[in-house]
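**Q**
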Amino acid sequence: MGIHVRDARRLSPQAQEDLRRRVVAAVEAGMTQVEAARVFQVSATSVSGWVNAVRRQGERALTAGRRGRRPEEQKALSKAQQRTVCRSVVNQTPAQAGGTGLLWTRKEVANLVKRRFGIALSLPTTGKYLRRWGLSPQKPVRKSYEQNPATVREWLDERYPAIVAAAKAEGGIILWLDESGIASTAELRATWAPIGTTPVVPKTGRRFRVNLMAAISNRGALTFTVYEGSLTVARYTDFLHRLIGHYDTPVHLIVDGHPTHKAKTVKAWLAEHTGQITQYFLPGYSPELNPVEILNGDTKRHVAALSAPRNRAELTVSISSHLHRRQKQPAVVAALFGKDEVRYAAACEQDI
Numbered sequence: 001m002g003i004h005v006r007d008a009r010r011l012s013p014q015a016q017e018d019l020r021r022r023v024v025a026a027v028e029a030g031m032t033q034v035e036a037a038r039v040f041q042v043s044a045t046s047v048s049g050w051v052n053a054v055r056r057q058g059e060r061a062l063t064a065g066r067r068g069r070r071p072e073e074q075k076a077l078s079k080a081q082q083r084t085v086c087r088s089v090v091n092q093t094p095a096q097a098g099g100t101g102l103l104w105t106r107k108e109v110a111n112l113v114k115r116r117f118g119i120a121l122s123l124p125t126t127g128k129y130l131r132r133w134g135l136s137p138q139k140p141v142r143k144s145y146e147q148n149p150a151t152v153r154e155w156l157d158e159r160y161p162a163i164v165a166a167a168k169a170e171g172g173i174i175l176w177l178d179e180s181g182i183a184s185t186a187e188l189r190a191t192w193a194p195i196g197t198t199p200v201v202p203k204t205g206r207r208f209r210v211n212l213m214a215a216i217s218n219r220g221a222l223t224f225t226v227y228e229g230s231l232t233v234a235r236y237t238d239f240l241h242r243l244i245g246h247y248d249t250p251v252h253l254i255v256d257g258h259p260t261h262k263a264k265t266v267k268a269w270l271a272e273h274t275g276q277i278t279q280y281f282l283p284g285y286s287p288e289l290n291p292v293e294i295l296n297g298d299t300k301r302h303v304a305a306l307s308a309p310r311n312r313a314e315l316t317v318s319i320s321s322h323l324h325r326r327q328k329q330p331a332v333v334a335a336l337f338g339k340d341e342v343r344y345a346a347a348c349e350q351d352i
């Protein structure tokens with residue numbers, strides 16, 4: 001009949017230490033190692049290892065140690081490897097780091113680790129590392145390859161502060177203007193539905209769009225128009241005329257480089273209204289610097305979520321209803337300037 005051997009690993013660390021001490025004490029008292037193994041129900045190999053350890057290191061060899069690996073040893077990546085990967089994720093795109101694409105996903109990060117260090121990480125483990133490094137999934141802002149960083153810096157450090165100073169000196173108001181197209185095929189937002197059942201939202205199979213032109217201030221003022229067709233000089237100057245009629249102070253208007261904004265007829269119109277309105281241009285290829293872009297996104301999301309227009313007229317009504325609501329919510333409009341890219345334009349004590 002074989003000797004029953006207990007699994008000492010199931011014992012607490014202190015109980016394991018007590019067992020080791022009793023076994024070694026029995027051997028030192030004259031019991032053979034084989035007999036000690038039988039009496040204490042442990043393997044002869046364990047008895048031999050404990051006895052030899054005491055002979056080499058003394059009693060401290062029997063002391064219970066920390067179970068498992070040290071915290072840093074439990075990680076697949078060393079601290080240095082983690083720093084290397086984190087720097088790549090923060091400062092490069094996957095393509096620049098030897099992978100593919102522009103966006104970091106858990107899979108792309110795991111692929112980077114595999115390429116650099118030959119270590120295979122699961123997606124859950126990769127996600128834990130990313131959170132440990134203080135990272136979170138976020139929607140990126142697109143920036144054009146043609147954007148000139150020096151021009152953007154000049155705008156932020158010199159040109160825009162000069163506009164603020166000029167408007168303040170005149171007791172005027174700064175407005176940002178932008179145009180946007182809104183289509184009937186705008187992306188739907190998520191909705192709650194039974195698990196396993198895809199919700200169905202009615203929509204027309206026709207494709208149509210209308211255009212929106214809006215001007216906002218960092219204090220929450222909003223003026224807009226919804227129209228069909230392209231932006232013409234006549235339509236643009238009509239809107240500018242509305243602006244100077246709506247505000248009883250000089251208007252300092254910031255726009256992008258749309259050809260209509262730079263048309264000779266527009267320049268002539270502006271010259272005729274000197275003292276009432278002044279137009280300034282944002283740096284080229286820099287839509288993220290215009291807070292009206294955020295209003296446009298807000299409008300598209302709400303129109304897609306709250307309506308299913310069947311024609312241009314219904315789409316126009318839906319857009320207008322949402323923006324009329326925003327006109328009554330100046331705090332919401334002003335809050336659009338809180339996004340990082342346009343925070344430079346947010347209202348402050350020095351602004352008008």
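For the sequence shown, counting from 1, position 80 maps to 80 in UniProt numbering; every step adds exactly one.
For glycine and all other residues, C-beta sits at the position ideal for the given N, C-alpha and C.
Values in this document were obtained by computation on a predicted structure and should not be read as measured data.
Only counting the same chain, and skipping five residues up and downstream in sequence, which positions put a Cβ closer than 6 Å to that of glycine 284?
**A** Against the sequence shown, residue 284 aligns to sequence position 284. Contacts found: Gly257.
**Q** Between threonine 237 and glycine 172, which are expected to be in contact by the criterion C-beta below 8 Å, what is the C-beta distance as a whole number of angstroms?
**A** Along the sequence shown, one-based indexing puts residue 237 at 237. Along the sequence shown, one-based indexing puts residue 172 at 172. 19 Å between Cβ atoms; not a contact.
**Q** Cα separation between glutamate 170 and glutamate 154?
**A** As a position in the sequence shown, residue 170 is number 170, starting the count at 1. As a position in the sequence shown, residue 154 is number 154, starting the count at 1. Spanning the two alpha carbons is a distance of roughly 23 Å.
**Q** Given glycine 98, which residues of its chain have a CB within under 8 Å of its CB, disregarding the five upstream and five downstream residues?
**A** The residue you call residue 98 lines up with position 98 of the sequence shown. Around glycine 98: Leu112 and Arg115.
**Q** Using a 10 Å radius around the Cβ and a threshold of 16 neighbouring Cβ atoms, would you call valine 251 buried or exposed?
**A** Within the sequence shown, the letter at position 251 stands for residue 251. Label assigned to valine 251: buried.
**Q** Give a yes or no on whether the C-beta atoms belonging to valine 85 and valine 51 are separated by under 8 Å.
**A** Position 85 of the sequence shown, counting from 1, holds the residue named residue 85. Position 51 of the sequence shown, counting from 1, holds the residue named residue 51. Cβ atoms of valine 85 and valine 51: not closer than 8 Å.
**Q** According to DSSP, simplified to helix, strand and coil, what is aspartate 248?
**A** For the purposes of this step, residue 248 is taken as residue 248 along the sequence shown, with counting starting at 1. Coil, per DSSP.
**Q** What first and last residue would you give for the alpha helix (DSSP H) that runs through glutamine 14?
**A** Numbered from 1 along the sequence shown, position 14 holds the residue referred to as residue 14. Segment 13 to 28, the alpha helix (DSSP H) holding glutamine 14.
**Q** Roughly how many whole angstroms lie between the Cα atoms of glutamate 35 and arginine 10?
**A** Within the sequence shown, the letter at position 35 stands for residue 35. Within the sequence shown, the letter at position 10 stands for residue 10. Computed Cα separation, rounded: 22 Å.
**Q** Do leucine 135 and valine 164 have their beta-carbon atoms positioned less than 8 Å apart in this structure?
**A** The sequence position of residue 164 within the sequence shown is 164, counting from 1. The sequence position of residue 135 within the sequence shown is 135, counting from 1. No. Outside cutoff.
**Q** Which residues in the same chain as asparagine 296 place their Cβ atom closer than 6 Å to its Cβ, once the five residues preceding and following it in sequence are excluded?
**A** In the sequence shown, residue 296 corresponds to position 296, counting from 1. Cβ neighbours of asparagine 296 beyond the five flanking positions: Ser180.
**Q** When we look at the beta-carbon of histidine 324 and count the other beta-carbons within 10 Å, is it buried (16 or more) or exposed?
**A** Residue 324 sits at position 324 when you count from the first residue of the sequence shown. Under this definition histidine 324 is an exposed residue.
**Q** Flag this pair as touching only if the region 258 to 268 and the region 125 to 139 have three or more C-beta atom pairs under 8 Å; answer yes or no.
**A** Counting Cβ pairs under 8 Å, fewer than three are found: no touch.
**Q** Using only CA atoms, which one of Arg106, Ser46 and Ser122 lies nearest to alanine 76?
**A** One-based indexing of the sequence shown puts residue 76 at position 76. The residue with the shortest Cα to Cα distance from alanine 76 is Ser122.
**Q** Do you know offhand how far glutamine 57's Cα is from glycine 49's?
**A** What you label residue 57 is simply residue 57 of the sequence shown in a count that begins at 1. What you label residue 49 is simply residue 49 of the sequence shown in a count that begins at 1. Using only the alpha carbons, I get a separation of about 12 Å.
**Q** Run through DSSP, which three-state label would glutamate 72 get?
**A** What you label residue 72 is simply residue 72 of the sequence shown in a count that begins at 1. At glutamate 72, the pLDDT of 46 sits below 50, so the modelled position is not reliable and the matter cannot be decided from this model.
**Q** Which one or two residues does DSSP pair with methionine 213 in a beta bridge?
**A** Locating residue 213 in the sequence shown gives position 213, where the first residue counts as 1. BP columns for methionine 213 point to Glu179 and Thr225.
**Q** Going by DSSP, name the residue or residues bridged to isoleucine 254.
**A** What you label residue 254 is simply residue 254 of the sequence shown in a count that begins at 1. Note: isoleucine 254 sits in a beta bridge opposite Trp176 and Tyr280.
**Q** Give the C-beta separation of proline 309 and serine 318 to the nearest angstrom, bearing in mind that I take them to be a contact with Cβ-Cβ under 8 Å.
**A** To locate residue 309, count along the sequence shown from 1; it is residue 309. To locate residue 318, count along the sequence shown from 1; it is residue 318. Correct: roughly 6 Å between the Cβ atoms.
**Q** Can you check whether the CB of phenylalanine 281 is closer than 8 Å to the CB of valine 303?
**A** As a first step, residue 303 is located in the sequence shown; it is residue number 303 there, counting from the start. As a first step, residue 281 is located in the sequence shown; it is residue number 281 there, counting from the start. No, they are not a contact pair.
**Q** Tell me whether proline 149 sits in a helix, a strand or coil according to DSSP, three-state version.
**A** Here residue 149 refers to the residue found at position 149 when the sequence shown is read from its first residue. Correct three-state label for proline 149: helix.
**Q** Whole-angstrom Cβ separation of tryptophan 104 and asparagine 290, contact assumed at under 8 Å?
**A** As a working mapping, residue 104 is identified with position 104 in the sequence shown. As a working mapping, residue 290 is identified with position 290 in the sequence shown. Not a contact, Cβ separation roughly 27 Å.
**Q** Using 10 angstroms around the beta-carbon of alanine 234, count the other beta-carbons present and answer buried if the total reaches 16, otherwise exposed.
**A** The residue given as residue 234 occupies position 234 in the sequence shown. Alanine 234 should be labelled exposed.
**Q** Taking the beta carbon of threonine 45 as the centre, do at least 16 other beta carbons fall within 10 Å, making it buried, or is it exposed?
**A** Taking the sequence shown and counting its residues from 1, one reaches residue 45 at position 45. Exposed, by the Cβ-count rule.
**Q** Looking only at its own chain, which residues have a Cβ that is under 6 Å from the Cβ of glycine 127, when we skip the five neighbours before and after it?
**A** Position 127 of the sequence shown, counted from the first residue, corresponds to residue 127. For glycine 127, where only same-chain residues beyond five positions count, the Cβ hits under 6 Å are Arg106.
**Q** Since I believe asparagine 148 is in contact with phenylalanine 337 (beta carbons under 8 Å), could you give me their beta-carbon distance rounded to a whole number of angstroms?
**A** Translated into the one-based positions of the sequence shown, residue 337 becomes position 337. Translated into the one-based positions of the sequence shown, residue 148 becomes position 148. Going by Cβ atoms, the distance from phenylalanine 337 to asparagine 148 rounds to 24 Å, so no, they are not a contact pair.
**Q** Quick test of your reading: leucine 243 and alanine 215, contact by CB under 8 Å. State the CB separation rounded to the nearest angstrom.
**A** Taking the sequence shown and counting its residues from 1, one reaches residue 243 at position 243. Taking the sequence shown and counting its residues from 1, one reaches residue 215 at position 215. With a Cβ gap of about 6 Å, leucine 243 and alanine 215 count as contacting.
**Q** So the alpha helix (DSSP H) isoleucine 319 belongs to, where does it begin and stop?
**A** What you label residue 319 is simply residue 319 of the sequence shown in a count that begins at 1. Here the alpha helix (DSSP H) through isoleucine 319 covers 312 to 327.
**Q** Enumerate in chain order the residues of its own chain whose CB-to-CB distance from arginine 20 is below 7 Å, with the five nearest sequence positions on each side excluded.
**A** Taking the sequence shown and counting its residues from 1, one reaches residue 20 at position 20. Result list for arginine 20: Trp50 and Leu62, in chain order.
**Q** To the nearest whole angstrom, what separates the beta carbons of isoleucine 182 and leucine 315, a pair I think is in contact under 8 Å?
**A** For the purposes of this step, residue 182 is identified with residue 182 of the sequence shown, where counting begins at 1. For the purposes of this step, residue 315 is identified with residue 315 of the sequence shown, where counting begins at 1. Sure, about 7 Å apart at Cβ, within 8 Å.
**Q** Can you tell me which of Ser230, Phe224 and Glu228 puts its alpha carbon nearest to the alpha carbon of phenylalanine 239?
**A** On the sequence shown, residue 239 is found 239 positions in, with the first residue counted as 1. Taking only the C-alpha atoms, the option nearest phenylalanine 239 is Phe224.
**Q** Go to lysine 264, then tell me how far its alpha helix (DSSP H) extends in each direction, as first and last residue.
**A** Counting from one through the sequence shown, the residue named residue 264 turns up at place 264. Residues 264 to 272.
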